[in-house]
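Participant:
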Amino acid sequence: MIGDDWILRVEQLSKHFGPTCPDCHRLTGPDAGRSRCPRCGTVWACVEANLQLSAGEVLGIVGESGSGKSTLLQMIYLALPPDSGHIWYRDNGGPPRDLTTLDRYEARLFRNTQLGIVYQRPELGLNMRFSVGGNVAEKLLLAEWRHFGRIRARTAELMIKTELPPERIDDEPPTFSGGMLQRVQIAKALASRPALLLLDEITSGLDVSVQARVLDLLRRIQWEDRITMLLVSHDLGVVRQLARRTIVMKNGHIVEAGLTDQILEDPQHPYTQLLVSSAL
Amino acid sequence: MTHHLLEVCNLHKSFTLHLIDGRVITPVRDVSLSVAAGEHLLIYGRSGMGKTSILKCIYRTYLPTAGHIWFDSQQFGRIDLSRAAESVILSLREREIGFCSQFLRVLPRVSALDTLCEPLYRQGMDRAAAQAIGREWLQRLGISPALWQASPLTFSGGEQQRINLGRAFIARPRLLLLDEPTASLDEATKQVVIEMIRAAQAEGTAIISVSHDLAGLGAHANRQWTFQ
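Keeping their order, the protein sequence lines are chains A and B.
Quick note on numbering: our numbering labels position 202 of the first sequence as 215, and the sequence is numbered without any gaps.
Quick note on numbering: our numbering labels position 105 of the second sequence as 103, and the sequence is numbered without any gaps.
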């Protein structure tokens, strides 16, 4: 049965920053129009988020800055511990594992073998003092690859895949253009053949023609490898191109989820209607 | 009693426009219709009456407000499209239900051949095999081979519409939803499209089209349904 082939299921995942007070609940959220409680200053970054990803699927997450998209992504990347909720992961129909229960060592190994992430700002995803080869090797070493020759060969293969000139394997990131740096990040993220690729506003800040090439690259990778992706963007155009399902976040809450064409053509929530009508 | 592939029962669709004082408009009120395998139903009516909305509700680009849309699926049995899970709808769109919109929406950097073949790639068909079928369709649709590697965005309106139709037909869905399929076509191409529809019907495909073209397309439909 379709829909039973999920690999990631997020249940009631929440994260807040601050002391909390009895009024937080009432004073924050999409209806209140803020995620920061005016009484106690607590920021409710992500509240009871639920989502599910099937193998090979691309799910879009849209919403304005501060809506909680990146917090949700960071929790799934196991870089930020949630306050409550579960992140179930299952490969090839095996038994589900709750990733929130992994200890630090297990979480790191899981992240380095099964997850890849690409950020808007390359310096978050790359070590700017390492060469391209060094960056990819870093990821592979953490994923417990040990053979230098294999690491080097895998790096060259990834550079070709991401349309980077392989002869630049020993060059450092600051010598690359913005669009090329996103490719280097993608190469690094894909290095250990992860099950899930997390993309956080990866084309924001690039000029349009470069954006188009990065998106084309992702589309190709998605076709060729059937890799599962979670795509965070404030740009509905980007999501339309890649994701067949989309969730909409506002003030830390998921306010709407649906098929991407339905979200764009028949948005239900007032905020989604505003978002769609604001598209250029 | 005939066996219906699709049965729309008491369908309502309203839109709440939150940005315009929460105004509610209801283009589709209490619509019931059905179509059997191999049958072509043509929906006719004035512009702005909500004909396209019916098709979009069936395809689930619109969320129906009330009513049922029963579809006899090969994969899932008889299911209500108005309430089916998104993953089910996506799978049906891949294998069983095709939609041809009034306007082609394509990526500017993808060739006509790849645009046409995309539904086959999605089904997991091998690239070479898909492109062989794609080239046959391009020939049949009368698109000059010189254009096959170009983006459909550079095409004329009529050529774009042919690519658009080809995309809907190529996956051989069991139910085809066609929104004004012949609107921007010349007489000769219109005949090609009518022939395509007849061939699909002969293979057992059920077709619902929305059209003003009563003389052309309408003359070949099994039933006409006037939407008021």
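Beta carbons: idealized from backbone N, C-alpha and C, even for Gly.
Once the 5 residues before and after residue 277/A are set aside, which same chain residues still bring their CB inside 7 Å of it?
Facilitator: 249, 253 and 289, listed in sequence order.
Participant: Can you tell which of 206/A, 37/A and 132/A has its C-alpha closest to the C-alpha of residue 55/A?
Facilitator: It is 37/A whose Cα lies nearest to the Cα of residue 55/A.
Participant: So which residues on chain B does residue 196/A lean against when the C-beta distance must stay under 9 Å?
Facilitator: What residue 196/A touches in chain B: nothing, since even the nearest Cβ is about 17 Å away.
Participant: Against residue 107/B, what residues of chain A qualify as contacts under a CB-to-CB distance less than 7 Å, listed in chain order?
Facilitator: Here the neighbours are 225 and 229.
Participant: Which same chain residues end up closer than 6 Å to residue 155/A when comparing Cβ atoms and leaving out the 5 residues on each side of it in sequence?
Facilitator: Counting only Cβ-Cβ distances below 6 Å, and skipping sequence neighbours, we find 125.
Participant: For a contact defined as C-beta to C-beta under 9 Å, what are the partners of residue 37/B on chain A?
Facilitator: Within 9 Å Cβ-Cβ: nothing; residue 37/B doesn't reach chain A, min ~26 Å.
Participant: Report the residue ranges of all alpha helix (DSSP H) runs contained in full by the stretch 95 to 158 of chain B; include only those spanning at least 4 residues, in chain order.
Facilitator: Segments of the alpha helix (DSSP H) lying fully in the stretch 95 to 158 of chain B: 110 to 120 and 125 to 138.
Participant: Enumerate in chain order the residues of its own chain whose CB-to-CB distance from residue 139/A is below 8 Å, with the five nearest sequence positions on each side excluded.
Facilitator: Once the five neighbours on either side are set aside, the close Cβ partners of residue 139/A are 148, 186, 194, 197, 198 and 201.
Participant: Residue 180/A to residue 173/A, Cα distance in whole Å?
Facilitator: The alpha-carbon atoms of residue 180/A and residue 173/A are separated by roughly 10 Å.
Participant: In this structure, does DSSP put residue 236/A in helix, strand or coil?
Facilitator: Correct three-state label for residue 236/A: helix.
Participant: How far does the alpha helix (DSSP H) with residue 135/A in it extend, from its first residue to its last?
Facilitator: 135 to 138 is the extent of the alpha helix (DSSP H) around residue 135/A.
Participant: Output yes or no for whether 8 Å exceeds the beta carbon distance between residue 219/B and residue 3/B.
Facilitator: Cβ atoms of residue 219/B and residue 3/B: not closer than 8 Å.
Participant: On the three-state DSSP scale, how would you describe residue 125/A?
Facilitator: Correct three-state label for residue 125/A: helix.
Participant: Could you please give the first and the last residue of the uninterrupted beta strand (DSSP E) stretch that includes residue 264/B?
Facilitator: Coverage of chain B is limited to positions -1 through 226, which leaves residue 264/B absent and any answer about it impossible.
Participant: Is the shortest distance between the beta-carbon of residue -1/B and the beta-carbons of chain A less than 8 Å?
Facilitator: At residue -1/B the pLDDT is 46, less than 50, meaning the model places this residue with poor confidence and gives no usable figure here.
Participant: I'd like to know if residue 4/B contacts chain A, where contact means its C-beta is closer than 8 Å to some C-beta of that chain.
Facilitator: So, not an interface residue.
Participant: Between which two residues does the beta strand (DSSP E) harbouring residue 160/A extend?
Facilitator: Residue 160/A -> no beta strand (DSSP E), and no H or E assigned at all.
Participant: Just to confirm the assignment: which complete beta strand (DSSP E) runs, minimum length 3, are found wholly within the stretch 168 to 244 of chain A?
Facilitator: Counting only runs of 3 or more, we get 209 to 213.
Participant: Comparing alpha-carbon positions, which option in 265/A, 267/A and 235/A lies nearest residue 255/A?
Facilitator: The option with the nearest alpha carbon to residue 255/A is 235/A.
Participant: By Cβ distance below 6 Å, which residues in the same chain neighbour residue 15/A in space, the five residues on each side in sequence not counted?
Facilitator: Its pLDDT being 49, under 50, residue 15/A is placed unreliably by the model, and nothing is read from it.
Participant: Going by the DSSP bridge assignment, what does residue 73/A pair with across the sheet?
Facilitator: DSSP lists 244/A and 259/A as partners of residue 73/A.
Participant: Quick one, are the C-beta atoms of residue 162/B and residue 115/B less than 8 Å apart?
Facilitator: In this structure, residue 115/B does not lie closer than 8 Å to residue 162/B by Cβ.
Participant: In the DSSP assignment, what residue or residues form a beta bridge with residue 266/A?
Facilitator: Paired residues: 263/A.
Participant: So residue 209/B and residue 38/B are supposed to be a Cβ contact under 8 Å. How far apart are they, rounded?
Facilitator: At roughly 11 Å, the Cβ-Cβ gap does not stay under 8 Å, so residue 209/B and residue 38/B are not in contact.
Participant: Could you name each continuous alpha helix (DSSP H) segment of 4 residues or more that falls completely within the stretch 18 to 74 of chain B, going from the start of the chain to the end?
Facilitator: Correct list: 49 to 57.
Participant: Kindly indicate which residue of 17/A, 83/A and 287/A has the alpha-carbon position closest to the one of residue 67/A.
Facilitator: Nearest option by C-alpha distance: 17/A.
Participant: Of all the residues that make up the stretch 109 to 127 of chain B, which are near chain A by a beta-carbon distance shorter than 8 Å?
Facilitator: Per Cβ criterion, the list reads 119.
Participant: Whole angstroms are fine: how far does the CA of residue 209/A sit from the CA of residue 105/A?
Facilitator: One C-alpha to the other measures close to 13 Å.
Participant: According to DSSP, is residue 30/A helix, strand or coil?
Facilitator: Strand.
Participant: Strictly below 9 Å CB to CB, what residues from chain B border residue 287/A?
Facilitator: Going along chain B in sequence order, the residues near residue 287/A (Cβ under 9 Å) are 16 and 17.
Participant: Determine whether the beta carbon atoms of residue 224/B and residue 43/B lie at a separation below 8 Å.
Facilitator: Yes. Within cutoff.
Participant: I need the boundaries of the alpha helix (DSSP H) containing residue 87/A, first residue and last residue.
Facilitator: Looking at the DSSP string, the run of the alpha helix (DSSP H) that includes residue 87/A is 82 to 89.
Participant: Return helix, strand or coil for residue 78/A, following the three-state DSSP convention.
Facilitator: Of the three classes helix, strand and coil, the one that applies to residue 78/A here is coil, per DSSP.
Participant: Name the one or two DSSP bridge partners that residue 42/A has.
Facilitator: According to DSSP, residue 42/A bridges with 47/A.
Participant: Based on the DSSP output, what are the partners of residue 115/A in its beta bridges?
Facilitator: The partner list for residue 115/A (beta bridge, DSSP) is empty, contrary to what the question assumes.
Participant: Tell whether a beta-carbon distance below 8 Å holds between residue 30/A and residue 58/A.
Facilitator: Their beta carbons are under 8 Å apart, which means residue 30/A touches residue 58/A by this criterion.
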